[in-house]
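Residue numbers (this note's numbering), protein chains in the order written: chain R, 1 to 333; chain F, 1 to 333.
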DNA sequence: ATCAACCGTGGTATCGATACCAAGCCTGAC
DNA sequence: GTCAGGCTTGGTATCGATACCACGGTTGAT
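If you want it as structure tokens, here you go:
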């Protein structure tokens with residue numbers, strides 16, 4: 001067992017008290033120049049790495065934040081995690097990550113495990129919370145940030161944007177550009193609450209314009225992932241409704257699937273039909289697809305969440321932090 | 001401040017010693033049925049959540065593993081993280097995540113921050129390590145797992161597959177199917193060591209078949225991401241070498257870019273030209289692209305790494321754990 | 001010249017859990 | 001009937017750092 005060097009070892013070598021070593025690390029300005037250099041030299045010499053678990057115990061500040069995500073394997077949350085992680089590390093904090101794989105039953109267990117590490121704050125990507133979860137969170141006094149949506153009643157702080165409004169805006173955009181037979185593909189999965197909200201925005205926009213909404217799939221098709229879902233659903237959609245002149249997709253991935261299927265069927269986009277996506281990540285960037293989409297600032301959500309965690313008082317003044325989105329019009333509409 | 005319930009509170013309510021509470025949580029079989037139920041009831045009643053930081057201090061087992069990844073925002077590592085996280089959580093461990101954003105200078109700092117949490121083990125996705133990093137890792141006695149490659153001299157344990165062999169195999173596959181003018185796109189970025197290895201495999205396969213390798217880009221094009229890089233590079237490639245009959249891509253994303261550009265130029269895949277990718281994630285799945293690719297078991301790498309961390313002795317017996325890959329032939333070759 | 005205020009410094013208690021050791025109880029064997 | 005040995009149980013020390021308080025020495029004001 002390679003024994004860890006302790007603060008006392010450093011203190012002895014530098015001929016100071018342990019507390020002085022602690023101060024050199026946390027509040028160097030309160031230590032005289034001479035001793036500080038002695039201590040720093042001793043730290044270097046011994047290769048001392050402080051033990052934050054011990055520090056957490058005595059100061060009741062762990063300098064760790066916890067995150068519970070549905071999945072890491074989705075550029076959607078991945079960008080946010082990158083933003084979170086980078087911002088937090090710059091401030092001297094670490095990120096404890098747990099993924100639930102979209103299984104809501106795991107959430108409470110995961111939260112319990114997270115709380116056992118006494119984090120200074122928590123980030124949640126999940127949308128609805130069991131009463132066990134709510135109870136646990138109520139009992140603690142640390143900041144809780146919900147991301148990627150704007151609940152009307154946030155648990156504590158929310159950072160995101162309105163999925164409903166995004167769906168509404170895109171539908172309006174299609175309507176304004178002359179489309180009259182607009183289908184919506186994806187968003188039929190009950191667990192994807194955010195996708196559902198976008199679909200509702202779409203529905204309301206069509207209704208208020210006097211148009212009939214057409215949606216695929218209505219049943220839960222969790223087995224299919226983005227691109228495949230898009231291709232398969234578009235095919236079905238065409239069978240039922242051959243005169244569709246616009247397809248609004250729940251995600252960029254789905255939109256890519258639609259575009260592929262369209263090109264295979266010689267449907268000319270955008271002349272015969274418009275297609276829109278959602279996300280604004282790589283797949284929709286100025287590439288072969290040139291997809292009109294809603295660009296969501298995933299990384300920014302991470303950064304804003306980190307700021308909220310680091311300064312919860314300021315964030316709580318707002319409660320709900322809207323980072324917005326951007327409708328990016330490109331070649332498919 | 002919502003005060004945390006401590007083990008002593010539980011012990012007092014259940015009328016036992018604190019140590020008995022500890023045993024109920026860690027080794028319940030050593031506690032009599034009656035007391036165990038009393039303690040469990042008290043835990044439930046008080047909503048007690050144990051403090052693992054305190055436990056880590058006294059047992060010098062943190063039940064946390066650290067991971068340093070280049071980026072979360074890449075399905076490549078994301079699947080591995082999912083596998084890691086799931087397997088570790090099932091065993092009662094947590095994952096401390098740090099991303100370096102492909103900046104090798106951050107690695108040492110990140111590692112230092114990670115070690116300050118006294119993890120029970122570490123996972124690295126980075127390929128080469130500075131001497132500072134090596135020194136830090138030498139000083140500790142915890143398992144260190146390097147993933148997604150098979151270094152000849154692993155620091156401790158390695159879990160992955162041979163990128164060189166994967167490149168070689170795919171090139172052989174193209175040669176065997178009759179291609180004679182095979183270009184390689186991507187993998188020119190010096191920081192992407194794994195891509196470079198695949199490209200070397202390609203080069204050697206061509207050489208040993210008496211064919212001339214053709215590669216784009218040779219300069220560092222970090223600014224372009226996958227799809228765009230594929231589209232742009234393919235264009236240049238065609239200008240220089242219009243008779244190319246196969247394009248081997250460093251990743252599926254790049255391959256998608258190539259396919260898009262090909263379809264725009266009315267190049268018929270696979271009749272005029274074959275295209276292959278690497279990765280085997282969503283984008284290459286049975287979708288519109290039907291891409292021939294090398295499928296890498298990203299999730300499996302995570303699971304195997306977790307096992308190695310949990311039982312380092314068994315893993316060290318192997319040192320290098322090869323999870324392999326699969327050449328998936330589909331419609332583009 | 002005297003005293004208050006302040007700065008740098010160290011000693012000691014403390015955070016919440018677990019390791020270690022010792023004690024009490026019960027069972028079974030002689 | 002007595003004693004050994006196994007089982008459960010609790011007391012106390014401990015992990016490594018920080019909070020709190022107290023001390024000596026210096027500075028500035030009166």
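From the three backbone atoms N, C-alpha and C, an ideal C-beta is built for every residue, glycine too.
Review point. What's the call for residue 94 (chain F), buried or exposed, on a 16-neighbour Cβ count within 10 Å?
Key: buried
Practice item. Might you give, ordered along the chain, the residues of its own chain that have their beta carbon closer than 6 Å to the beta carbon of residue 205 (chain R), omitting 5 neighbours on each side? Key: 168, 171, 172
Check your understanding: Quick one: what's got a C-beta closer than 7 Å to residue 76 (chain R)'s C-beta in the same chain, skipping five residues either side?
Key -> 279, 298
**Study point:** Contiguous beta strand (DSSP E) assignments of at least 3 residues, all confined to the region 243-280 of chain F
**Key:** 246-249, 274-276
Review point. With a CB to CB cut of under 6 Å and the five nearest residues on each side skipped, what residues in its chain are close to residue 262 (chain F)?
Key: 269
Check your understanding: Going by DSSP, what residues sit across from residue 121 (chain F) in a beta bridge?
Key -> F:65
Review point. Nearest-angstrom Cα distance between residue 252 (chain R) and residue 39 (chain F)?
Key: 52 Å
Point to revise | Any 3 or more C-beta pairs closer than 8 Å across the region 114-122 of chain R and the region 56-76 of chain R | key: yes
**Study point:** Any beta strand (DSSP E) of 3 or more consecutive residues that is wholly inside the region 51-104 of chain R
**Key:** 64-69, 94-99
Check your understanding: Cα separation between residue 104 (chain F) and residue 329 (chain F)?
Key -> 36 Å
Review point. Residues in its own chain within less than 6 Å of residue 99 (chain F) by CB, not counting five upstream and five downstream?
Key: 69, 71, 72
Point to revise | Spatially closest choice to residue 127 (chain F) from F:196, F:182, F:325, by CA coordinates | key: F:196
Exercise for review: Specify the secondary structure class of residue 406 (chain F) as computed by DSSP and reduced to three states.
Suggested key: Not covered by the structure: residue 406 (chain F). The range shown for chain F is 1 to 333.
Check your understanding: Grouping DSSP H, G and I as helix and E and B as strand, with all else coil, what is residue 293 (chain F)?
Key -> strand
Check your understanding: Identify the residues that DSSP records as bridge partners of residue 158 (chain F): which are they?
Key -> F:146, F:320
Check your understanding: residue 190 (chain F) by DSSP, collapsed to three states: which one?
Key -> coil
Check your understanding: Is the beta carbon of residue 198 (chain F) sitting closer than 9 Å to the one on residue 163 (chain F)?
Key -> yes
Point to revise | When F:47, F:97, F:175, F:14 are compared against residue 134 (chain R), the one with the closest alpha-carbon | key: F:47
Exercise for review: Tell me whether the beta-carbon of residue 295 (chain R) lies closer than 9 Å to the beta-carbon of residue 248 (chain R).
Suggested key: no
Exercise for review: For residue 82 (chain R), go through chain F and note every residue whose CB falls closer than 9 Å to its CB, in chain order.
Suggested key: 71, 72, 73, 99, 101
Exercise for review: Give me the Cα-Cα distance between residue 254 (chain R) and residue 277 (chain R), rounded to the nearest whole angstrom.
Suggested key: 7 Å
Exercise for review: Could you tell me which residues DSSP puts in a beta bridge with residue 184 (chain F)?
Suggested key: F:215, F:248
Point to revise | Below-9 Å beta-carbon distance, residue 148 (chain F) vs any chain R residue | key: no
**Study point:** Short Cβ contact (9 Å threshold) for residue 274 (chain F) with residue 123 (chain F)
**Key:** no
Exercise for review: For residue 3 (chain F), name the three-state secondary structure that DSSP assigns.
Suggested key: coil
Review point. Under a CB-based cut-off of 9 Å, is residue 308 (chain R) close to chain F?
Key: no
Point to revise | Cross-chain neighbours of residue 53 (chain R) in chain F, by beta carbon under 7 Å | key: 53, 56, 57, 62, 117, 118
Check your understanding: Are the C-beta atoms of residue 112 (chain R) and some chain F residue less than 9 Å apart?
Key -> yes
Review point. At least one CB of chain R closer than 9 Å to the CB of residue 328 (chain F): is that the case?
Key: no
Exercise for review: May I ask you to report which of helix, strand or coil DSSP gives residue 153 (chain R)?
Suggested key: coil
Review point. With a cut-off of 8 Å, do at least 3 Cβ pairs link the region 305-325 of chain F to the region 149-159 of chain F?
Key: yes
Exercise for review: Sort R:78, R:53, R:181 by Cα distance to residue 215 (chain R) and report the nearest one.
Suggested key: R:181
Practice item. Apply the 10 Å Cβ neighbour rule to residue 242 (chain F) and answer buried if 16 or more other Cβ atoms are within range, or exposed otherwise. Key: exposed
Point to revise | residue 110 (chain F) Cβ short of 8 Å to the ligand MN heavy atom set | key: Absent from the structure shown: the ligand MN. Ligands present: none.
Review point. Excluding the five sequence neighbours on either side, which residues of its own chain have a C-beta within less than 6 Å of the C-beta of residue 42 (chain F), listed in chain order?
Key: 10, 13, 14
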